[in-house]
Amino acid sequence: MLASGSAAAPFSSASVRPVHDEFHGDLLEVSMGPHHPSTHGVFRMMVTLDGETIVRLKPVFGYLHRNHEKLGENTTYLGSMPYTDRLDYLCSMTNNWAYALAVEKLAGLVPPERAEYIRIILAELTRLINHSGLIGFLMQDTGCSGTPLMYAFREREKVLDLFEALSGSRMMCNYQRFGGCRVDLTPAWVDSARRLVDAFPRFLDEFEALLTGNEIFMARTQGVGRLSPELAVNAGLTGPVLRATGVGHDLRKVDAYGLYPRFDFRVPIGAHGDTYDRYMIRVLEMRESVQILQQALRDLPAGPIMDPKAKLRGLRPKAGEAYGRIEGAKGEIGFFLISDGSPNPYRYRIRPPSFINLTVLEDLCLGHTVADAVIILGSIDIVLGEVDR
Amino acid sequence: MPEDAAPALTTAERDELRRQGILLTSISELYNWGRSNSVWPLNFGLACCAIEMIAASMARFDIARFGSEVFRPSPRQADLLIVSGTVTKKMAPQVVRLWNQMPEPKYCIAMGACAISGGPFKQGYNVLKGIDRFIPVDIYIPGCPPRPEALLHGLVELQKKIRGEKLSGPGAPRHLQPDNDCTYPVPEFGEHDLEPPRNPAVWQPPILTRPDKA
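Now the structure itself:
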């Protein structure tokens, strides 16, 4: 089968080939991707198999490298804002916020209180749609085709309606500005957001009733892809993947950016660091996000939404450097900027959480089967726009 | 009956017969009716537009109403390639290879600004400036990303195009022409650019003329 597979296929690309290893004997190297239904985009894994057990896994990136950082250095500060939407295209609001935070540090702008509240509301709504979508895709990877993803996208559409009413676009919101936000919330928007947030726990209950105690799901995920807290910290992981190992590191608590210290919420942490814990952390985080959203929508103050010192065009921060980071849905999303006093940044660097979380993929997959590698990759939560940039 | 001959019955007469329970049709009409209502797309996402493509297949937009909900993971079983997102120079050979692996008749939708022309990333050194340089595109859907409704509109337009195809004669689609082997050269990731940078049989650079000199 192998020999004919590489010789007879008219468009062969050695996607499956035998290799020999001194220690393992005869192995099989399988190329998964870049077109594979379970790789969450155009990601490629070179998996070396002994029987069905993974003995090596080499990730191959760059199929979606869109020159993001170089484009950022050649456009103005504001001109890069729409590009940040397309980094992690499921979470455009949090990308906007992290970038705005970096430029605000550079230019010395302080957003007013109402703008900070709006940012928190939008970031937590983003977390809801990212996590519920992720769980839907994860279930798709385990073979549960359709239903959980349909439920997740049903809720996602409701949140996207809110984003569209506010910013004019469903996915690419381009909403945050340096020193505030672009347009103000209307009372009707706040009312519909409140209705959505109040109804969300019911959706979570329904979702959990289907999944959390599901025997097949537990058999597939518990003990699979176990990550030790030491490795997670040493590899620089952030976000739910880190917290699933039991390390309580959440920038909303640690960094206390925005107005998060005013809010009452807990940081869920896992105990085993396996795929099931990574799923559970997301569900619990959504419940905490609902708490934050209810407080924010209740206490939303009146007032301006832009720093009066901010000007929309012709921003030339004085020479210096700044790093703005927030706790995005996938982990620490950060922007590092160096200004030389010109309208463009001299250096524009992104710290992508899903790229750094992906570095432990081989450690998680070793000793498991190919089917488990698919689930483990799904539970890490990658978006290739951010991994390849 | 030759297809370009004048129809023996007018549309009104055919509708009247249909009301009375008599269906008159031609082979090509019946064939295209069947084909156009079960266009199976390839389960293939590239970038941001893929999320909107997934949203189009979910409950609210429900692409199943148009017969295209069966997203096939294998190109061997697919009729439609939706190029949903930025095609980089590293990815372009794989896209062309997937297109070659699909059996005829097959169709291609370029979804979003990136797939049409490179979009917002056009200035980038690693971005292909439109997938139509390598494979023939039937429908272009602008937007960044296009809304799911736009994708559905593109699909309906594609169905119209399929219904208008003929089974014989000089106007027949490429898969019915005997001298067409329906393969497209796969570019390679070269030192500076893709080799070759375009497929001349599919795409020629536009000739720019000034209106006052024309």
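Chains A and B supply the protein sequences, listed in that same order. For the first sequence, the numbering used here gives the first residue as 399, with consecutive numbering after it. For the second sequence, the numbering used here gives the first residue as 4, with consecutive numbering after it. We put the beta carbon where it would ideally sit given N, CA and C, even for glycine.
For Ala769 of chain A, there is no enclosing beta strand (DSSP E); the residue is part of the alpha helix (DSSP H) that begins and ends at 768 to 778.
For Phe561 of chain A, the enclosing alpha helix (DSSP H) has its first and last residue at 545 to 565. With a threshold of 16 other beta carbon atoms within 10 Å, Tyr461 of chain A meets it and is buried. DSSP places Thr451 of chain A inside the beta strand (DSSP E), whose first and last residues are 451 to 458. Residue pairing by DSSP places Cys579 of chain A opposite A:Gln574 in a beta bridge. In the three-state DSSP reduction, Arg201 of chain B falls in the coil class, being neither helix nor strand. At the C-beta level, Val622 of chain A and Asp770 of chain A come within 8 Å of one another. Per DSSP, Pro699 of chain A has no beta-bridge partner at all.
By the neighbour-count definition (other C-beta atoms within 10 Å, threshold 16), Pro585 of chain A is an exposed residue. Thr673 of chain A sits in a helix when the DSSP states are folded into three classes. Less than 8 Å divides the Cβ of Ile519 of chain A from the Cβ of Leu695 of chain A.
With respect to Ala175 of chain B, Val140 of chain B sits apart: the two C-beta atoms are not nearer than 8 Å. Assigned with DSSP and collapsed to three states, Tyr110 of chain B falls in strand.
Around the C-beta of Arg22 of chain B, fewer than 16 other C-beta atoms lie within 10 Å, and the residue is accordingly described as exposed. Cβ-Cβ separation between Asp786 of chain A and His463 of chain A: approximately 4 Å, consistent with a contact (criterion under 8 Å). Between Pro659 of chain A and Ser590 of chain A, the alpha-carbon positions lie close to 26 Å from each other. Across the set B:Asp65, B:Ile144, B:Arg75, the C-alpha of B:Arg75 shows the shortest separation from the C-alpha of His434 of chain A. Listed in chain order, the non-local C-beta contacts of Pro751 of chain A below 7 Å within the same chain comprise Thr636, Gly637, Gly726, Lys728, Gly729, Glu730, Ile731, local neighbours out to five positions each way being set aside.
For Arg79 of chain B, no beta strand (DSSP E) segment is defined, and its DSSP state is neither H nor E.
Between the C-alpha atoms of Tyr655 of chain A and Leu455 of chain A there is a straight-line separation of about 37 Å. Non-local beta-carbon contacts of Trp587 of chain A in its own chain, meaning distances under 8 Å to residues more than five positions away in sequence, involve Leu560, Ala563, Leu564 in chain order. Boundaries for Arg517 of chain A: no beta strand (DSSP E) harbours it, while the alpha helix (DSSP H) harbouring it runs 511 to 540, taken from the DSSP string. Looking only at A:Ile690, A:Leu504, A:Gly439, A:Glu628, the smallest Cα-Cα distance to Arg714 of chain A is reached by A:Leu504.
For Pro743 of chain A, the uninterrupted beta strand (DSSP E) run begins and ends at 743 to 749, by DSSP. Shortest Cα-Cα distance from Ile533 of chain A to any of A:Arg517, A:Asp662, A:Arg554 involves A:Arg554. Within chain B, no C-beta atom comes nearer than 7 Å to that of Gly644 of chain A; the closest sits roughly 32 Å away. In this structure Leu583 of chain A is not in contact with Val557 of chain A, their Cβ atoms being roughly 14 Å apart against a cut-off of 8 Å. Asn632 of chain A has its alpha-carbon roughly 36 Å from the corresponding atom of Ala607 of chain A. Boundaries of the beta strand (DSSP E) around Ala720 of chain A: 718 to 725. Taking C-beta separations shorter than 8 Å and ignoring five residues to either side along the sequence, the partners of Pro416 of chain A in its chain run Leu400, Asp424, Leu425, Leu426, Glu427, following chain order. The region 183 to 191 of chain B makes contact with the region 87 to 107 of chain B, as at least three CB pairs between them are under 8 Å.
In this structure, Tyr128 of chain B lies away from Asn572 of chain A, with their beta-carbon atoms at least 8 Å apart. Within the region 462 to 504 of chain A, the complete alpha helix (DSSP H) runs of at least 4 residues fall at 466 to 472, 479 to 483. At a cut-off of 8 Å, the C-beta of Thr14 of chain B has no neighbouring C-beta in chain A.
Under the Cβ criterion of 8 Å, Lys468 of chain A is counted among the residues facing chain B. Taking the Cα positions, Arg723 of chain A is about 23 Å away from Gln689 of chain A.
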